[in-house]
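Written below as structure tokens is the structure these notes are about.
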Amino acid sequence: MTEATIYGLAGLAVFGLGLMGVLGAADRLRRLVALNLCAGGAAMVLVASSWRPPPAAPDPVPHALVITGIVVMVSATAVALALIRRLYSLETDTDA
Amino acid sequence: MPEFAPDPMTLAILLPLFGAIAAFLAPRAAPLIGLGAVGAMAAAIAAVGHAVAQAGTVTVPLGGWGAPLGIELRADGLALAMLGLTALIALAVGLGALSAFAGEAPADGQPMPRQRAFFWPLCLLLLTGMNGVYLSADLFNLYVMLEVISLAAVGLAVLGGTVAALRAGLAYMYASLLGALMVLLGVGFVYLQTGRLDFAGLAGAQGSPALSAAFALMLVGLALKAALFPLHFWLPEAHANATAPASALLSALVVKAGLYILLRLAEAGPFPGEAILTLLGVLGTGAVLWGGVQALRAERLKLLVAWSTVAQIGLIFVALARAGTEGLSDSWRAAALLILAHAVAKAGMFLAAGRIKDVIGHDRISELDRSAVRPALAQLAFALAAISLIGLPPSLGFIGKWSLMEGAMGAGNWHWIAVTMAGTLLSVAYFSRALTGFLRFDRVRAPLDEHRGWALADAPPVVLAGLAVGLGLAAGPILAVLDLGRPFGVTP
Amino acid sequence: MTVLLAFDLLLAASIVGLAAATLLMRDAFAMIVAFIVFGMLMALGWARLVAPDVALAEVAIGAGLSGALLLRTLAHLRGGSLSAQGGASVSAPANGATQGVNALLAGLATCALGLAYLGAPQNVPGLEAHVADAMPESGVTHPVTAVLLNFRAYDTLMEVVVLLAAVIVVWQVERGLAETPAPALGTVYQGFARVALPVAVIAGGYLLWIGAEAPGGAFQAGAVLGAVAVLGLLSRHVRPAPAHRPLARGAFVVGTAVFALVALGVAGAGRVAFEYPPAQAKTLILLIEAMVTISIAATLAALFHGRAPVAVSREETDR
Amino acid sequence: MSPVLAVILTVLLASLLGGLWRVIRGPSDSDRMLSAQLLGTAAVAMTVVLARLQDMPALLDVALVLALLAAVTLVAYVALSESRGR
Chain X
1 MTEATIYGLA
11 GLAVFGLGLM
21 GVLGAADRLR
31 RLVALNLCAG
41 GAAMVLVASS
51 WRPPPAAPDP
61 VPHALVITGI
71 VVMVSATAVA
81 LALIRRLYSL
91 ETDTDA
Chain F
1 MPEFAPDPMT
11 LAILLPLFGA
21 IAAFLAPRAA
31 PLIGLGAVGA
41 MAAAIAAVGH
51 AVAQAGTVTV
61 PLGGWGAPLG
71 IELRADGLAL
81 AMLGLTALIA
91 LAVGLGALSA
101 FAGEAPADGQ
111 PMPRQRAFFW
121 PLCLLLLTGM
131 NGVYLSADLF
141 NLYVMLEVIS
151 LAAVGLAVLG
161 GTVAALRAGL
171 AYMYASLLGA
181 LMVLLGVGFV
191 YLQTGRLDFA
201 GLAGAQGSPA
211 LSAAFALMLV
221 GLALKAALFP
231 LHFWLPEAHA
241 NATAPASALL
251 SALVVKAGLY
261 ILLRLAEAGP
271 FPGEAILTLL
281 GVLGTGAVLW
291 GGVQALRAER
301 LKLLVAWSTV
311 AQIGLIFVAL
321 ARAGTEGLSD
331 SWRAAALLIL
341 AHAVAKAGMF
351 LAAGRIKDVI
361 GHDRISELDR
371 SAVRPALAQL
381 AFALAAISLI
391 GLPPSLGFIG
401 KWSLMEGAMG
411 AGNWHWIAVT
421 MAGTLLSVAY
431 FSRALTGFLR
441 FDRVRAPLDE
451 HRGWALADAP
461 PVVLAGLAVG
471 LGLAAGPILA
481 VLDLGRPFGV
491 TP
Chain D
1 MTVLLAFDLL
11 LAASIVGLAA
21 ATLLMRDAFA
31 MIVAFIVFGM
41 LMALGWARLV
51 APDVALAEVA
61 IGAGLSGALL
71 LRTLAHLRGG
81 SLSAQGGASV
91 SAPANGATQG
101 VNALLAGLAT
111 CALGLAYLGA
121 PQNVPGLEAH
131 VADAMPESGV
141 THPVTAVLLN
151 FRAYDTLMEV
161 VVLLAAVIVV
171 WQVERGLAET
181 PAPALGTVYQ
191 GFARVALPVA
201 VIAGGYLLWI
211 GAEAPGGAFQ
221 AGAVLGAVAV
231 LGLLSRHVRP
241 APAHRPLARG
251 AFVVGTAVFA
261 LVALGVAGAG
271 RVAFEYPPAQ
281 AKTLILLIEA
291 MVTISIAATL
301 AALFHGRAPV
311 AVSREETDR
Chain V
1 MSPVLAVILT
11 VLLASLLGGL
21 WRVIRGPSDS
31 DRMLSAQLLG
41 TAAVAMTVVL
51 ARLQDMPALL
61 DVALVLALLA
71 AVTLVAYVAL
81 SESRGR
């Protein structure tokens, strides 16, 4: 049982939990957090695939991919949050 | 390697990007910059077309590294057809957008000058992403491109700023993100198995559990993005509540990105078995029926058009499934034709629906026949687009459906023919709901205010819808273009 | 190394446990805090997987900025302040039966994926040999930076484009939202800011510089500087005004623009786009990285701040 | 040396997990936020130990950034909790 196996499986479990959250959550904010969990899980699988038994150095390509993925995900999160805020303002305006 | 530099493929991707930057920096000049950028992009695509016509398949190893270390751009007939389609739609929608943002904004929506200022950067970023998807030969790059498309598309979907548009846009965003993340995890599995990210690495790989998992993940993720029944839930509201030019782009182009990547994956990867293809066909059947029924029940014109997108996407999946044992090597052409036909007709139809809504002031189908104002040209465009979507000869839609049924007959798969027929009948039924509204004059109480003069805004929908019908006559050349570079390894 | 194995198992289990806790928390604030801690544990996981670059990006963006973004939104949903318990607590999941079906589906899918993962061959050679071969021509000595800014520079350009798209959409969605002025933070914070902000700026510059030969680079540096800007915004050291708008637009696009121009500019004479001449590669990469850092920092701060700076009087007419 | 470090690492993780209790139970927002900050400190310590254990000085940078930026969420919390004069 290597680090790659342990963290890879953990990543898959996190992805699965996120999936559950996206499908099940009724709340906008919670769904977004669940999507972020999915992203974290997928990233973990990618990085686990780059792990090599020491002393070999890990494969740098998945690391670069995951950094890209993190930046992409924070952008998407910010957009979704802006939509949530705007929607909340409009909805409370019309309710009032 | 092309002699002149930079090569046209990179330009086709980066020119709209520069346009987006310029349009964002100078919002007042955005329409001018936007149209200029689209024109320049079209020129670059023409150059790509020249190269593809000469050499079949053209590749550019970005950075000079080449696969598997670097990312390669690759163009063949299928990619070229999609690029040309994108340029055509972008040009028409862009011209339509010149006047589309002139009317009154809804009470809870964004003011029109703001919508216009933000339409162009987002539209051009969308084009960057679309061209990037068509030309990419790298799995991770496709994921990044999908995210570029997602964000730009969500921005376009919520451009109107109404509560309904924002709600639909958020649901769209979530569906789109989930789809992209599934693709990302699929890419991870591919890397785990093959240690590469390019399509060529996928082609050489042996089937294995990890690759099956990767394929399943990407299939579900892309089906979510392409709105395949029952993963279509986000589409109707998002497309129906966007402003007309945005709807046209979303419906004609954005959903095609998922479809196109599915086609490319099927081309490169371990071939999806017959069982999977049949499953896709069954889901497509569900989409054709469910989308048709919902379109019959829709109360608003734009919602009807949006539900018809669900049905038409389903038909494309039926086209992929139709050849049975021969698999995709034959049926992809029918799917590609239907993709082109749907894009041209649906862009025209959404622009026409937007014009009708602008002129009449609402788009409730039951009251279309009571309007004293008659946007005759927009109604004509709508009818022409409907002809192509229904699949009457000589339209492009007819050629697509014909190709679908011909293949199904050849393989003895009569059930797919029955599905196509049922879909056609349903589309006749739901489009005629709108068309009868256009034709009836007797319900009008007020004196007819027939002619308000032609507006420039009527031209793009009419041209697009006319093309959707007329391009059927050019089916031969279109098929010849599709076969350039022999996608799917078939000889024409 | 059984102790390390135990550590790995414990850490992996806590990562999964925190993910579950994040979803199960009733209270929205608790959910966000759990998510922030989840990010920290992920960073430890990256460290254990020998991925320091990813760990840096995670602590800068995942743990730092995402949390601040979520908190800001929650404050908005609670009517302008986190302390006010407004109408927006996270509602409990609605339907038990649907929940069960969802959980079952997701669980089954995850198990299938887990089996596929275990069935995948271990340690398939990836691209590390190709990377090692090409390193001498890349212009940098750190492999991840070489991949990001040379071998797969096209991806990285598109990633900056994603950031640009995000800030355009956020501006489009948010302009016209009324803003309630926040009071400046207290004296303790002002003291903290005097010490911490310059240190953070230096740290950002250091990360950018070190990126050529060690973990670090444009993204981490941009994230750190973005966080600095967020601190400035929160403390009202930085007050965006309408006059800043052109400057902000310029800062958002400069990374993308310079990156794309360099990519096209090096093409020609037998070179394709993105193919830097090895002799100038280091200079070009540093130039791109510096510009991208500016864009990332400005964009992340703007994503946090939300709306485009609008004068208060115009705000009302805009709505 | 490294077995000792590994034990230290595990103990630190255990203490971090102990602190999680406050994050989950609360009861107040400030309890959660403060315990999260405490966990951040434990995470910094673990990163430093890992840098030594795995002989990766780069992880010290990670610890530095983590220590610097953990404050962002805290500052955001404090600033956003101020009553806004409504």
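Protein chains in written order, with UniProt numbering: chain X, 1 to 96; chain F, 1 to 492; chain D, 1 to 319; chain V, 1 to 86.
Cβ atoms here follow ideal geometry from the backbone N, Cα and C, with glycine treated the same way.
On a predicted model such as this, the values are computed, not experimentally measured, just so you know.
Chain-ordered chain F contacts of D/Asn150 [CB-CB under 7 Å]: Here residue 150 of chain D refers to the residue found at position 150 of the third sequence. By Cβ distance, chain F contributes Gly63.
Which listed residue (D/Ala112, D/Val262, D/Gly126, D/Arg236) has its alpha carbon closest to that of D/Leu286: The residue given as residue 286 of chain D occupies position 286 in the third sequence. Of D/Ala112, D/Val262, D/Gly126, D/Arg236, the residue nearest in Cα terms is D/Val262.
Neighbour flag for X/Ser49 against chain F, beta carbons, 7 Å: Here residue 49 of chain X refers to the residue found at position 49 when the first sequence is read from its first residue. It does: the Cβ of X/Ser49 has a partner Cβ on chain F nearer than 7 Å.
Between the CA atoms of F/Gly179 and X/Ala76 - distance to the nearest angstrom: Mapped onto the first sequence, residue 76 of chain X falls at position 76. Mapped onto the second sequence, residue 179 of chain F falls at position 179. Straight-line Cα distance between these residues: approximately 13 Å.
Bounding residues of the beta strand (DSSP E) (the contiguous stretch that carries F/Leu73): Working through the second sequence from its first residue, we reach residue 73 of chain F at position 73. 72-75 is the extent of the beta strand (DSSP E) around F/Leu73.
Proximal residues, the stretch 157-183 of chain F versus chain X, C-beta separation under 7 Å: Val158, Val163, Leu166, Arg167, Gly169, Leu170, Met173, Tyr174, Leu177, Leu178, Leu181
7 Å Cβ cutoff met for D/Ala218 and D/Thr293: Along the third sequence, read from residue 1 onward, the residue named residue 218 of chain D stands at position 218. Along the third sequence, read from residue 1 onward, the residue named residue 293 of chain D stands at position 293. Contact flag set, yes.
D/Phe7 to F/Ile45 span [Cα, whole Å]: Within the third sequence, the letter at position 7 stands for residue 7 of chain D. Within the second sequence, the letter at position 45 stands for residue 45 of chain F. So the alpha carbons of these two residues sit roughly 55 Å apart.
When X/Ala42, X/Gly24, X/Thr68 are compared against X/Gly11, the one with the closest alpha-carbon: Start at 1 with the first residue of the first sequence, and residue 11 of chain X comes out as number 11. X/Gly11 has its Cα closest to that of X/Ala42, out of X/Ala42, X/Gly24, X/Thr68.
Short CB-CB distance (under 7 Å) between F/Gly188 and chain X: Residue mapping note: residue 188 of chain F aligns to position 188 of the second sequence, counting from 1. By this cut-off, F/Gly188 is an interface position.
Boundaries of the beta strand (DSSP E) in which F/Val60 is found, first to last residue: For the purposes of this step, residue 60 of chain F is taken as the residue at position 60 of the second sequence. Segment 58-61, the beta strand (DSSP E) holding F/Val60.
Sub-7 Å separation of F/Leu159 and F/Ala37 beta-carbons: As a position in the second sequence, residue 159 of chain F is number 159, starting the count at 1. As a position in the second sequence, residue 37 of chain F is number 37, starting the count at 1. Not in contact: F/Leu159 and F/Ala37 (Cβ atoms no closer than 7 Å).
8 Å contact criterion, which D/Val167 and D/Leu303 should meet: CB distance rounded: Here residue 167 of chain D is taken as the residue at index 167 of the third sequence, counted from 1. Here residue 303 of chain D is taken as the residue at index 303 of the third sequence, counted from 1. About 6 Å; that satisfies the 8 Å criterion.
D/Ile61 at chain X interface by Cβ criterion, 7 Å: Residue numbering aside, residue 61 of chain D sits at position 61 when the third sequence is read from its first letter. Yes, its Cβ sits closer than 7 Å to a Cβ of chain X.
Euclidean distance between Cα positions of F/Val419 and F/His239: Residue numbering aside, residue 419 of chain F sits at position 419 when the second sequence is read from its first letter. Residue numbering aside, residue 239 of chain F sits at position 239 when the second sequence is read from its first letter. Whole-angstrom Cα-Cα distance: 25 Å.
Given 8 Å, three or more beta-carbon pairs between the stretch 52-68 of chain D and the stretch 30-38 of chain D: yes
D/Arg307, DSSP secondary structure in three states: The residue given as residue 307 of chain D occupies position 307 in the third sequence. Reduced to three states, the DSSP call for D/Arg307 is coil.
Which of helix, strand or coil DSSP assigns to F/Val373: Locating residue 373 of chain F in the second sequence gives position 373, counting from the first residue. Note: F/Val373 maps to strand in three-state DSSP.
Reduced DSSP category for F/Ser208 - H, G, I as helix; E, B as strand; rest coil: Numbered from its first residue, the second sequence carries residue 208 of chain F at position 208. F/Ser208 falls in the coil class under three-state DSSP.
From F/Leu262, F/Ala287, F/Leu253, F/Glu274, residue whose alpha carbon lies closest to that of F/His342: Within the second sequence, residue 342 of chain F is the residue found at index 342, counting from 1. For F/His342, the nearest C-alpha among the options comes from F/Leu253.
Helix, strand or coil at F/Ser136 according to DSSP, with G and I counted as helix: By one-based count along the second sequence, residue 136 of chain F stands at place 136. Note: F/Ser136 maps to strand in three-state DSSP.
Any C-beta of chain F under 7 Å from that of X/Leu90: Indexing the first sequence from 1 puts residue 90 of chain X at position 90. True, the Cβ-Cβ gap to chain F drops below 7 Å.
Rounded straight-line distance, which links the Cα of F/Leu320 to that of F/Ile399: As a position in the second sequence, residue 399 of chain F is number 399, starting the count at 1. As a position in the second sequence, residue 320 of chain F is number 320, starting the count at 1. The straight-line gap from Cα to Cα measures roughly 15 Å.
D/Gly139, DSSP secondary structure in three states: Sequence index remark: in the third sequence, residue 139 of chain D carries index 139 (1-based). D/Gly139 falls in the coil class under three-state DSSP.
Proximity test, Cβ basis, 7 Å: F/Gly66 and chain D: Mapped onto the second sequence, residue 66 of chain F falls at position 66. Chain D contact via Cβ: absent.
Contact set between D/Asp133 and chain X, taken where Cβ atoms lie within less than 8 Å: Counting from one through the third sequence, the residue named residue 133 of chain D turns up at place 133. Residues of chain X passing the Cβ test: none, with the nearest at roughly 13 Å.
Proximity test, Cβ basis, 7 Å: V/Val75 and chain D: As a first step, residue 75 of chain V must be located in the fourth sequence, where it is residue number 75. At least one chain D Cβ lies under 7 Å of V/Val75.
Counterpart residues of F/Asp198 in DSSP-defined beta bridges: On the second sequence, position 198 is the one that residue 198 of chain F refers to. The partner list for F/Asp198 (beta bridge, DSSP) reads F/Asp138.
Entirely enclosed alpha helix (DSSP H) segments - the stretch 359-418 of chain F, minimum 4 residues: 376-390, 396-410
Below-7 Å beta-carbon distance, V/Ala45 vs any chain B residue: Considering every chain present, this structure includes no chain B. Its protein chains are X, F, D and V.
Interface partners of D/Ala257 on chain F, CB under 7 Å: The residue given as residue 257 of chain D occupies position 257 in the third sequence. Residues of chain F passing the Cβ test: Ile21.
Minimum length 4: unbroken alpha helix (DSSP H) runs contained in the stretch 255-293 of chain D: none
DSSP bridge partner residues for F/Arg264 (one or two, in chain order): As a first step, residue 264 of chain F is located in the second sequence; it is residue number 264 there, counting from the start. Per DSSP, none; premise fails for F/Arg264.
With 16 other Cβ atoms within 10 Å as the buried cut-off, status of F/His362: Here residue 362 of chain F refers to the residue found at position 362 of the second sequence. Per the 10 Å Cβ criterion, exposed.
Distance between F/Pro460 and D/Gln190 (C-alpha atoms, nearest Å): Taking the first residue of the third sequence as 1, we reach residue 190 of chain D at position 190. Taking the first residue of the second sequence as 1, we reach residue 460 of chain F at position 460. Each residue's Cα considered, the two are about 58 Å apart.
Closer than 7 Å at the beta carbon, the chain V residues around D/Gly100: As a position in the third sequence, residue 100 of chain D is number 100, starting the count at 1. Simply none; closest approach about 24 Å.
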